[in-house]
Amino acid sequence: MTLFLTLKDDSLIDILYTVEPTGFLVLKINSMFHIFLEITRLFMLLICSYKLINQYGSKLFILQAIPLIKFWTNIIAARLSNNWIIEFINGMIEFDKKLRPILTSLQIQQRSLSKKHWVIFSISIFVYHFGFIYLHNLIRPLKETEYIFTIVNFVFSPPFILDFVVSSSMCFFLHNLYVRFWMLNDLWKCLPVELVVDHDQWTHIEIVFFMEKTRLLHSELCELLKKFTLGFGPLLLAFFTFSYIVLLISIFFMISIHPLSSENFAEYIVDAIFNFLLNAQLTIFMMSIIVYVSLIDEQRTKIISYLRSYRISNLNMDVKKQIKMFMNQMSVSGLDQITAFGFFNINLNLVMSILVLIITGITTILQMKHHPIILRWNNETNSYIQQCLITPFSTSLLRNQRSFSKRPVKTVDLTLYWIT
Numbered sequence: 013m014t015l016f017l018t019l020k021d022d023s024l025i026d027i028l029y030t031v032e033p034t035g036f037l038v039l040k041i042n043s044m045f046h047i048f049l050e051i052t053r054l055f056m057l058l059i060c061s062y063k064l065i066n067q068y069g070s071k072l073f074i075l076q077a078i079p080l081i082k083f084w085t086n087i088i089a090a091r092l093s094n095n096w097i098i099e100f101i102n103g104m105i106e107f108d109k110k111l112r113p114i115l116t117s118l119q120i121q122q123r124s125l126s127k128k129h130w131v132i133f134s135i136s137i138f139v140y141h142f143g144f145i146y147l148h149n150l151i152r153p154l155k156e157t158e159y160i161f162t163i164v165n166f167v168f169s170p171p172f173i174l175d176f177v178v179s180s181s182m183c184f185f186l187h188n189l190y191v192r193f194w195m196l197n198d199l200w201k202c203l204p205v206e207l208v209v210d211h212d213q214w215t216h217i218e219i220v221f222f223m224e225k226t227r228l229l230h231s232e233l234c235e236l237l238k239k240f241t242l243g244f245g246p247l248l249l250a251f252f253t254f255s256y257i258v259l260l261i262s263i264f265f266m267i268s269i270h271p272l273s274s275e276n277f278a279e280y281i282v283d284a285i286f287n288f289l290l291n292a293q294l295t296i297f298m299m300s301i302i303v304y305v306s307l308i309d310e311q312r313t314k315i316i317s318y319l320r321s322y323r324i325s326n327l328n329m330d331v332k333k334q335i336k337m338f339m340n341q342m343s344v345s346g347l348d349q350i351t352a353f354g355f356f357n358i359n360l361n362l363v364m365s366i367l368v369l370i371i372t373g374i375t376t377i378l379q380m381k382h383h384p385i386i387l388r389w390n391n392e393t394n395s396y397i398q399q400c401l402i403t404p405f406s407t408s409l410l411r412n413q414r415s416f417s418k419r420p421v422k423t424v425d426l427t428l429y430w431i432t
């Protein structure tokens, strides 16, 4: 429920969806109050975007453009696949209603994180997010502006609330898929060894019926996996694309501009800490999603090892039929992978692909670092940082940082944690 409200608050899910007493999400178009809230929220986001664009005149700096484009790309991607996301969530609720009685009858413990763990996780995220904002404003305070700019900076400035919402929501649903595949494997282990009839516990009909039920539940869970890809695929594409762009730009600044030493070592350490935190945050978000998807694939295909371990020649004809049907089902569902809207698969191979792309991109940009476009980009970045931040060395910056060719060091340091 808390995650659902968070998704609604951040515009990733239409506010018209409400939770019914049955637990399912239902669209209430007739509610004028919810329609008014939806229009008001969209209007406020448009105002914040307009204020960000015109914060320092009519010129839009790249450090403003990247968070703005990333924010609206994620919102649009989520809204375009809103129906699939809701269908996936409702499908999970319906699946649990079918699975829970079986687990209860066999006295199998449900594998899920307790509310205590989720509360600890939420509090940790909350403390990190607002702790970062507090330290950021304490060490690198923004110039005093109107109240509306406080909201603008909260939405579009580090550590970027939308990144937390997108990554945590996807990890939450991926975790739920993972534990459900795990519980299905636990169900299969309850069957007698070699699927031989045990008159004290299992009859032939009970074995066949249980195998059929487990197979259908596995098939339904694979269908939910497809719905997750359809619902969150566009969000995955937007998230990983912008994460790559941000990492590429950050590493470029660190390699080509950031010095190995600084006139003021304390300032260098402060900038390095902020840079490390935000780049580590982005890397953790991506790796969490990739690892969860890999764990799901491992649990999903684990049933194959159980099916292949039986000596089919010694089994009853009905049991053989169930095993063959399950194997055929797995061969078809094996082609279904969680993808970023079909552009690339989400798996551990993606880590190497991102590393190769970053190395290739950095090599290309370094060769162009004296290109007029890159030089102009750095000058504009320096100008933007000088306008929006109050730093202990702001006076010297305004006096000494008149051009990129003279001293581009200190102001560019700040861009690393501004765009990540």
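Position 405, counted from 1, in the sequence shown is what this note's numbering calls 417; the numbers after and before it change by one each time, with no gaps. Every residue, glycine too, gets a C-beta built ideally from N, C-alpha and C.
For this session: Please say whether Phe-144 and Pro-171 have beta carbons closer to each other than 8 Å?
Result: In this structure, Pro-171 lies near Phe-144, with their beta-carbon atoms less than 8 Å apart.
Problem set entry | Limits of the unbroken alpha helix (DSSP H) element including Tyr-190 | In this chain, the alpha helix (DSSP H) harbouring Tyr-190 covers 173-201.
Exercise. On the three-state DSSP scale, how would you describe Tyr-29?
Worked result: When secondary structure is reduced to three states using DSSP, Tyr-29 falls in the strand class.
Problem set entry | Asp-212 classed as buried or exposed, judged by whether at least 16 other C-beta atoms fall within 10 angstroms | It is exposed - the Cβ of Asp-212 has fewer than 16 other Cβ atoms within 10 Å.
Exercise. Along the chain, where does the beta strand (DSSP E) that runs through Leu-511 open and close?
Worked result: Lying before the first or after the last residue shown, residue 511 is absent from the chain, which here runs from 13 to 432.
For this session: Would you list the one or two residues that DSSP bridges to Trp-214?
Result: Paired residue(s): Asp-210.
For this session: With Lys-127 as the anchor, note down where its alpha helix (DSSP H) starts and where it stops.
Result: Taken as a continuous stretch (DSSP letters only), the alpha helix (DSSP H) holding Lys-127 covers 127-151.
Exercise. Any idea if Tyr-62 is buried or exposed, counting beta-carbon neighbours within 10 angstroms, 16 or more meaning buried?
Worked result: Exposed is the call here.
Exercise. Straight-line CA distance for Ser-117 to Leu-199?
Worked result: Rounded to whole angstroms, Ser-117 to Leu-199 spans 11 Å at the Cα level.
For this session: Compute the minimum distance between the beta carbon of Thr-375 and the heavy atoms of the ligand PLP, and state whether it is under 7 Å.
Result: Inclusion of the ligand PLP in the displayed structure is not the case, the ligand content being empty and no account of it being possible.
Problem set entry | Short Cβ contact (8 Å threshold) for Lys-314 with Asn-197 | With contacts defined by Cβ atoms closer than 8 Å, Lys-314 and Asn-197 form a contacting pair.
Exercise. Counting along the chain, where does the alpha helix (DSSP H) carrying Ile-81 start and finish?
Worked result: Element bounds for Ile-81: 74-92.
For this session: Specify the secondary structure class of Thr-351 as computed by DSSP and reduced to three states.
Result: Strand at Thr-351.
For this session: With DSSP as the reference, please indicate the residues paired to Asn-357 in a beta bridge.
Result: Note: Asn-357 is bridge-paired with Thr-351 in the DSSP secondary-structure output.
Problem set entry | Same chain, Cβ closer than 6 Å to Glu-32, neighbours up to 5 away in sequence not counted | Sequence-distant Cβ neighbours of Glu-32 in its own chain, meaning closer than 6 Å and more than five residues away, are Val-38.
Exercise. Straight-line CA distance for Glu-392 to Ile-261?
Worked result: If I take the Cα positions, the gap works out to 15 Å.
Exercise. Hey, Trp-214 and Gln-311: beta-carbon distance below 8 Å or not?
Worked result: Contact: no.
Exercise. Which ranges would you report for the alpha helix (DSSP H) in the segment 303-336 if only whole runs of at least 4 residues count?
Worked result: Contiguous alpha helix (DSSP H) elements confined to the segment 303-336 do not occur, taking only those with 4 or more residues.
For this session: Can you have a look at Leu-272 and say buried or exposed, based on whether 16 or more other CB atoms are within 10 angstroms of its CB?
Result: Because the pLDDT of Leu-272 is 46, which lies under 50, any placement of that residue in the model is unreliable, and the question is left without a value.
Exercise. Does the segment 174-181 come close enough to the segment 287-304 to have 3 or more Cβ pairs within less than 8 Å?
Worked result: In short, these stretches touch, since the Cβ pair count reaches three.
Problem set entry | Where the alpha helix (DSSP H) containing Met-380 begins and where it ends | Where Met-380 is concerned, there is no enclosing alpha helix (DSSP H), because DSSP gives it neither an H nor an E.
Exercise. Where does Leu-289 fall in DSSP's three states?
Worked result: Three-state result, Leu-289: helix.
Exercise. Helix, strand or coil: which one does DSSP assign to Leu-229?
Worked result: DSSP, reduced to helix, strand and coil, places Leu-229 within a helical segment of the structure shown.
Exercise. Using the beta-carbon count (16 or more within 10 Å), is Met-329 buried or exposed?
Worked result: Per the 10 Å Cβ criterion, exposed.
For this session: Could you tell me which of Glu-106, Leu-54, Phe-264, Ser-365 sits nearest to Phe-83, measuring between CA atoms?
Result: Nearest option by C-alpha distance: Leu-54.
For this session: Figure out for me which residue from Tyr-29, Leu-57, Leu-58, Gly-35 has the closest Cα to the Cα of Ile-47.
Result: When each option's Cα is compared against that of Ile-47, the closest is Tyr-29.
Problem set entry | Counted within 10 angstroms of its Cβ, other Cβ atoms place Ser-169 as buried (16 or more) or exposed | Answer is buried; the Cβ neighbour count reaches 16.
Exercise. Under a three-way DSSP split, which group does Gln-121 fall into?
Worked result: DSSP, read as helix, strand or coil, puts Gln-121 in coil.
For this session: Specify the secondary structure class of Arg-34 as computed by DSSP and reduced to three states.
Result: Note on identity: in this sequence residue 34 is Thr, with Arg being the wrong assignment. In the structure shown, Thr-34 falls within a coil segment according to DSSP collapsed to helix, strand and coil.
Problem set entry | Status (buried if at least 16 other CB within 10 Å, exposed otherwise) for Gly-245 | It counts as buried.
Exercise. Quick one: is His-230 buried, meaning 16 or more other Cβ sit within 10 Å of its Cβ, or exposed?
Worked result: Buried, because 16 or more other Cβ atoms sit within 10 Å of the Cβ of His-230.
Exercise. Among Asn-291, Pro-113, Val-282, Val-258, which one has its Cα closest to the Cα of Ile-78?
Worked result: Of the candidates Asn-291, Pro-113, Val-282, Val-258, the one whose C-alpha sits nearest the C-alpha of Ile-78 is Val-258.
Exercise. Expressed to the nearest angstrom, what Euclidean distance is found between the alpha-carbon atoms of Leu-207 and Gln-341?
Worked result: So the alpha carbons of these two residues sit roughly 20 Å apart.
Problem set entry | Pairwise C-alpha distance: Glu-224 and Asn-361 | Spanning the two alpha carbons is a distance of roughly 34 Å.
Exercise. Around the C-beta of Ser-321, are 16 or more other C-beta atoms found within 10 angstroms, so that it is buried, or is it exposed?
Worked result: Classification of Ser-321: exposed, given that the 10 Å Cβ count is below 16.
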